[in-house]
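Chemist: Can you read through this structure? Questions will come right after.
Protein chains: 2
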Amino acid sequence: MTSTPEPPYYAVLFSNQRAAWGDDEADAAYGAAAERMEQLAATIPGYLGIESSRSADGTGITVSYWDTEASIAEWRDHPEHLDVQGRGRTDWYEWYELRVARVERGRSFP
Amino acid sequence: MTSTPEPPYYAVLFSNQRAAWGDDEADAAYGAAAERMEQLAATIPGYLGIESSRSADGTGITVSYWDTEASIAEWRDHPEHLDVQGRGRTDWYEWYELRVARVERGRSFP
């Protein structure tokens, strides 16, 4: 669970299908890069949190939360992140959809 | 992959942790209800699509897409959906976070 502040804030929705899913070497390299990217994202001012899920079939959804669009742009353009984005397209993703959305309201349970 | 129209449109982000995860009976009942809810949501005018992922630890993210906030309200208040929401709180979810967001832009690969 990611505790986020009162809206409004922003969410980056990243829906994807892993390529080379189940290949031990690719999965390990991907896992290491994903972990590093989570650590790096958390250093960007305005980062609020991240949630990630991946199903057994290799489809996944990652949502990261940000205070402003400027923070998202800073994250998008971080040099190390840009490198990994390129590697994602060549090696790790069959496809992805990326959406930027403004969170307007929320509620939680319990 | 869910094909969505040109923004703006809306996304309902539902992050959750299953309760009774791994219990065969609960998993089957949950699976049937989830499938039924996907079918029912698709009958609501303004429904654009749904994406869902669940990790081996029982955490999951479901994102449904809608044309307007009015469509989201109609879905939220559908009687059969209200019943299942109640069952979710008593039987199926340890916790959840629900967020309503306005999608402002998107891009896809390939």
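Sequence order for the protein chains is S and B.
Just so you know, the numbering used here puts 30 at position 30 of the first sequence, and the rest follows in order with no gaps.
Just so you know, the numbering used here puts 15 at position 15 of the second sequence, and the rest follows in order with no gaps.
Yeah, the Cβ is synthetic: ideal placement off N, Cα and C, and Gly gets one too.
#1: Give me the subset of the stretch 55-88 of chain B whose CB atoms are less than 7 Å from a CB atom of chain S, sorted by chain position.
#2: When you compare the CB of B:R99 with every CB in chain S, is at least one pair closer than 8 Å?
#3: What separation, rounded to the nearest whole angstrom, lies between the Cα atoms of S:Y96 and B:A56?
#4: Considering only C-alpha positions, which residue in the set S:I61, S:P79 and S:E25 is nearest to S:L98?
#5: Should the stretch 74-87 of chain S be regarded as contacting the stretch 73-83 of chain B, the criterion being three or more beta carbon pairs within less than 8 Å?
#6: Looking only at C-alpha atoms, which of B:T2, B:Y10 and B:S3 sits nearest to B:E104?
#7: Taking 8 Å as the CB-CB cut-off, is S:M37 touching chain B?
#8: Residues in its own chain within less than 7 Å of S:I72 by CB, not counting five upstream and five downstream?
#9: Are the beta-carbon atoms of B:Q17 and B:Y93 separated by less than 8 Å?
#10: Assign S:S71 to one of three DSSP states: helix, strand, or coil.
#11: Could you pull out every unbroken beta strand (DSSP E) segment of at least 3 residues lying fully inside the stretch 9-85 of chain B, listed in chain order?
#12: CB-CB under 7 Å to B:T15, same chain, minus the five flanking residues each way: which ones, in chain order?
Modeler: According to the data block:
#1: Only those residues of the stretch 55-88 of chain B whose C-beta falls short of 7 Å from the nearest C-beta of chain S are listed: S55, T59, G60, I61 and V63.
#2: B:R99 has a beta carbon lying within less than 8 Å of a beta carbon in chain S.
#3: Between the C-alpha atoms of S:Y96 and B:A56 there is a straight-line separation of about 21 Å.
#4: Closest in alpha carbon position to S:L98, among S:I61, S:P79 and S:E25, is S:I61.
#5: With the rule of 3 Cβ pairs closer than 8 Å, the stretch 74-87 of chain S does not count as touching the stretch 73-83 of chain B.
#6: Closest option to B:E104, Cα to Cα, is B:Y10.
#7: False, the Cβ-Cβ gap to chain B never drops below 8 Å.
#8: Y10, V12, W66 and V100, listed in sequence order.
#9: Taking 8 Å as the cut-off, the beta carbon of B:Q17 is found closer than this to the beta carbon of B:Y93.
#10: S:S71 sits in a helix when the DSSP states are folded into three classes.
#11: Qualifying beta strand (DSSP E) stretches, in chain order: 9-18, 47-54 and 59-66.
#12: It should be noted that the sequence gives Ser, not Thr, for residue 15 of chain B. Answer for B:S15: I61, Y96 and E97, listed in chain order.
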